[in-house]
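S.K.: Attaching a single structure in structure tokens format; questions to follow.
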Amino acid sequence: MPSIEHRTCPEVSNDDLNALFAASWPAHEPTDFAHKHAHSLGFVCAFAGERLIGYVNLAWDGGIHAFLLDTTVHPAHRRRGVGRELVLRAAAVARERGTRWLHVDFEPHLAGFYRGCGFAPTEAGLMRLGG
Numbered sequence: 001m002p003s004i005e006h007r008t009c010p011e012v013s014n015d016d017l018n019a020l021f022a023a024s025w026p027a028h029e030p031t032d033f034a035h036k037h038a039h040s041l042g043f044v045c046a047f048a049g050e051r052l053i054g055y056v057n058l059a060w061d062g063g064i065h066a067f068l069l070d071t072t073v074h075p076a077h078r079r080r081g082v083g084r085e086l087v088l089r090a091a092a093v094a095r096e097r098g099t100r101w102l103h104v105d106f107e108p109h110l111a112g113f114y115r116g117c118g119f120a121p122t123e124a125g126l127m128r129l130g131g
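Just so you know, we're using our numbering here: the sequence shown kicks off at 1 and counts up by one.
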């Protein structure tokens with residue numbers, strides 16, 4: 001198995017990102033990631049050789065808060081530390097770019113993963129706006 005390389009804001013195609021998300025999330029609908037990235041603080045990708053196997057996006061408020069979104073690891077590469085490394089590198093990028101707080105929302109079954117990455121539990125609210 002090739003070694004895993006993490007890259008910050010690499011050139012990556014919509015096709016490659018959509019293929020990763022389709023393999024990882026059965027309900028995924030094709031997305032224009034370039035549009036997302038234009039509004040992001042940054043993003044981190046993981047590669048096995050030249051194959052994209054992981055991704056996380058850093059949204060932000062333009063100030064001191066960043067938001068971890070779309071943490072995704074290809075099913076064939078899960079439970080090997082790829083996701084944790086994506087999150088830790090994204091946190092480092094957020095810190096380097098001047099944010100002081102990193103937020104993440106997740107489903108209950110992912111609580112252990114995010115605690116293992118250094119997140120503390122908080123209460124938050126969520127409002128569904130449609131769809």
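Glycine residues also receive a C-beta, built at the ideal position from the N, C-alpha and C atoms.
DSSP on ARG95, reduced to helix/strand/coil?
M.R.: Against the sequence shown, residue 95 aligns to sequence position 95. Helix, per DSSP.
S.K.: Give every residue of the same chain whose Cβ lies closer than 7 Å to the Cβ of ASP16, excluding the five residues on either side of it in the sequence, and list them in chain order.
M.R.: Numbered from 1 along the sequence shown, position 16 holds the residue referred to as residue 16. Excluding residues within five positions, the ones whose Cβ falls inside 7 Å are LEU52.
S.K.: Given that a residue counts as buried once 16 or more other Cβ atoms are within 10 Å of its Cβ, and exposed if not, what is ASN57?
M.R.: Residue mapping note: residue 57 aligns to position 57 of the sequence shown, counting from 1. When all chains shown are included, ASN57 counts as buried.
S.K.: Excluding the 5 residues preceding and the 5 following ALA94 in the sequence, name in chain order all residues of the same chain whose CB lies nearer than 7 Å to its CB.
M.R.: Here residue 94 refers to the residue found at position 94 of the sequence shown. The residues are LEU41, LEU58, ALA66 and LEU102.
S.K.: Leaving out five residues on either side along the sequence, give the residues of the same chain with a beta carbon under 8 Å from the beta carbon of PRO75.
M.R.: The residue you call residue 75 lines up with position 75 of the sequence shown. Excluding residues within five positions, the ones whose Cβ falls inside 8 Å are ALA23 and SER24.
S.K.: Which residues in the same chain have their Cβ closer than 8 Å to the Cβ of THR31, if we skip the five residues on either side of it in sequence?
M.R.: In the sequence shown, the residue the question calls residue 31 occupies position 31. Cβ within range, chain order: ASN14, LEU17, ASN18 and PHE21.
S.K.: Hey, out of PHE119, PRO2, PRO26 and VAL44, whose CA is closest to PRO10's CA?
M.R.: Position 10 of the sequence shown, counted from the start, is the residue given in the question as residue 10. The shortest Cα separation from PRO10 among PHE119, PRO2, PRO26 and VAL44 belongs to VAL44.
S.K.: What three-state label does DSSP hand VAL56 in the structure shown?
M.R.: Numbered from 1 along the sequence shown, position 56 holds the residue referred to as residue 56. Note: VAL56 maps to strand in three-state DSSP.
S.K.: If you follow the beta strand (DSSP E) that LEU17 is in, where does it begin and where does it stop?
M.R.: Within the sequence shown, the letter at position 17 stands for residue 17. No beta strand (DSSP E) holds LEU17; the alpha helix (DSSP H) holding it covers 14 to 24.
S.K.: Quick check on this structure: which residue in ILE4, THR122, TYR55 and LEU68 has the alpha carbon closest to the alpha carbon of ALA48?
M.R.: Within the sequence shown, residue 48 is the residue found at index 48, counting from 1. That would be ILE4, whose Cα lies nearest to the Cα of ALA48.
S.K.: Please report the straight-line C-alpha distance between LEU86 and GLU123, rounded to a whole angstrom.
M.R.: Translated into the one-based positions of the sequence shown, residue 86 becomes position 86. Translated into the one-based positions of the sequence shown, residue 123 becomes position 123. Each residue's alpha carbon lies about 24 Å from the other.
S.K.: If you draw a straight line from the C-alpha of THR71 to the C-alpha of HIS37, how long is it?
M.R.: One-based indexing of the sequence shown puts residue 71 at position 71. One-based indexing of the sequence shown puts residue 37 at position 37. Between THR71 and HIS37, the C-alpha separation is close to 14 Å.
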